[in-house]
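Numbering (full-length UniProt numbering), first residue to last: 1 to 309. Written below as structure tokens is the structure these notes are about.
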């Protein structure tokens, strides 16, 4: 007696892309973060470095990030060309998001129409992704990363525990900001539509790496600390003049308080900061804490919106 016929849907031996989800970024962990240090980080004077957005200690000797995408930085030296148009493309590295599916065992065979063997929950290949610390829609962004754009010192912080933080390391700042990688980006803010932040390589740095996390943060900080012009101030409405004036006074006061010292020293430092004039960051009216970047449906490719709080 013959066995009953079993229908097996036809499927290729390989999926169109890797079924194991791969992200070029380290996803934020839903579990509580475990400190890599045996003891909490301490500042001078036995004062703990408490992660409090309203009272963050900014050391004067914090390491600065040098970005190729900001005018004034020394461009990277051009790298020699390794690939040739005459030969085949080099094989992609292991675990690369650009891996291509293997060729079918029978090239002349035409696959019949079917549901296929690719799970529906897999993301489409080449779907643009934003670094979790730059993604305004990331659920754990506000808990693990803090960056205030108001202080003069560029010092993004990463939470080590629920109450302590450390400065983001240079290695973390060199992580790719976007996937697929880009070498040009425009960032807009609804309150600063006339001051877009453009990241583009200078002509002498054509061989520089794509935009990194530190490039985005440094470009935003650098652009927002530019002084405004008389025409910018004249274009404000009476209500906006009051809001910007209050934000300017608060920023100057907080900048002086961060340095510490006696009351006379605070007044001198605040007067020095006031002498620098109103900056673009004051037009955010106090909402200077970085909350990430977000795509708007009406914006073209390569444009992201800045979200602050």
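Here a beta-carbon is modelled for each residue, glycine too, at the ideal position from N, C-alpha and C.
Alpha-carbon spacing of residue i relative to residue j, whole angstroms
i	j	result
residue 77	residue 186	With a pLDDT of only 38 at residue 77, under 50, the local geometry of the prediction cannot be trusted, and the value read off the model is given with reservation. Taking the straight line joining both Cα atoms gives about 25 Å.
residue 161	residue 168	14 Å
residue 227	residue 247	14 Å
residue 245	residue 276	14 Å
residue 209	residue 183	8 Å
residue 170	residue 241	38 Å
residue 144	residue 130	16 Å
residue 302	residue 254	35 Å
residue 166	residue 148	14 Å
residue 164	residue 156	13 Å
residue 243	residue 282	9 Å
residue 263	residue 272	14 Å
residue 299	residue 180	18 Å
residue 315	residue 224	With the chain running from 1 to 309 in the structure shown, residue 315 is simply not present.
residue 278	residue 237	16 Å
residue 232	residue 132	34 Å
Residues near residue i by beta carbon distance below 7 Å, same chain, minus five either side
i	result
residue 134	177, 213, 216, 292, 293
residue 309	287, 289, 291
Segment limits, alpha helix (DSSP H) that includes residue i
i	result
residue 232	230 to 234
residue 215	213 to 224
residue 308	Looking at the DSSP string, residue 308 is not in any alpha helix (DSSP H); the run it does join, the beta strand (DSSP E), is 303 to 308.
residue 240	238 to 259
residue 274	263 to 275
residue 171	170 to 173
Test item: CB-CB of residue i and residue j under 8 Å
i	j	result
residue 67	residue 218	yes
residue 159	residue 307	no
residue 269	residue 259	yes
residue 173	residue 197	no
residue 195	residue 280	yes
residue 211	residue 192	no
Beta carbon proximity, residue i to chain B, threshold 8 Å
i	result
residue 162	Here chain B cannot be found, since the structure has a single protein chain.
Where the beta strand (DSSP E) through residue i begins and ends
i	result
residue 290	290 to 294
residue 67	Residue 67 -> no beta strand (DSSP E), and no H or E assigned at all.
residue 167	165 to 167
Residues of its chain near residue i, where Cβ-Cβ distance is below 6 Å and the 5 sequence neighbours each way are ignored
i	result
residue 266	256
residue 189	306
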